[in-house]
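First comes the structure, then the notes that go with it.
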Amino acid sequence: VPLVAEGQDGAGPPPEVETVRSAVLELYKTRLRSELQLSDEQADVLMPLVDDIDAFRRDLSERRRARQIRLQEQLRGGASDAEVQASLDALREIDREQFEGLRERAARIDEPLSVRQRAQWRILSDRFRERVDRRVQGIREQRRGRSGAPGRPRTERTP
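Numbering-wise (our numbering), the sequence shown opens with residue 838 and increments by one.
Spelled out as C-alpha cells, the structure:
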C-alpha cells in the first residue's frame with residue numbers, strides 16, 4: 838500500500854510525496870529503534886533492511902498501479918480476452934512477488950532480533966501501517982471532496 842495518495846492524472850504520486858514518504862519512514866525508524874530498544878549493532882543491521890522493504894513496496898506499488906491503469910485502458914478500449922487475461926496474470930505475479938519478497942525480507946529482519954523484539958516489530962509495523970493507511974484514505978477522500986468527484990462519506994473512528 839502506498840504511503841500517500843496517487844496523483845490526479847494517475848501517473849503516480851504528486852511531487853511532494855517523496856518528502857512526506859521520507860518523513861514517515863524516518864518516524865517509523867525512530868519508533869522502531871525506541872520501542873524495540875535496539876542496540877547500536879541491531880540498528881546498524883536493521884535500518885538498511887527497513888529501507889529495502891520500503892523500496893520494495895514502492896516498486897511493487899508503482900508496478901501494480903501501472904498494470905491496473907493498463908487493465909482499465911484495455912477494458913475501455915475493447916481489448917481481447919487474451920490481453921485482459923495477460924494483465925490479470927501480471928497482477929497475480931505482482932501479488933506473488935510481494936508475498937515472497939516480504940516474507941524473505943521479514944526473515945532477514947528477524948535474524949538480529951530477540952523473540953520479544955520480533956513480536957514487538959510485527960505489532961509496531963502493523964499498527965504503523967494501519968495508521969498511515971487511515972490517513973491516506975482521509976487525504977484521498979478530502980481530495981475527492983475538493984475536486985467534486987463522488988466519494989464515500991468518511992466514517993469517524995475512535996482509536
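Cβ coordinates follow ideal geometry from the N, Cα and C atoms, glycine included.
Per DSSP, Ser-951 lies in no alpha helix (DSSP H) and is assigned neither H nor E. Annotated three-state conformation of Glu-853 is coil, per DSSP. For the pair Ser-924 and Leu-912, the CB atoms are not nearer than the 7 Å cut-off.
Assignment of Ser-859 by DSSP, reduced to helix, strand and coil, places it in the helix class. Taking a cut-off of 8 Å on C-beta distances, the stretch 860-875 does not touch the stretch 896-906, as fewer than three cross pairs fall below it. Ser-917 and Arg-904 have their C-alpha atoms some 16 Å from each other.
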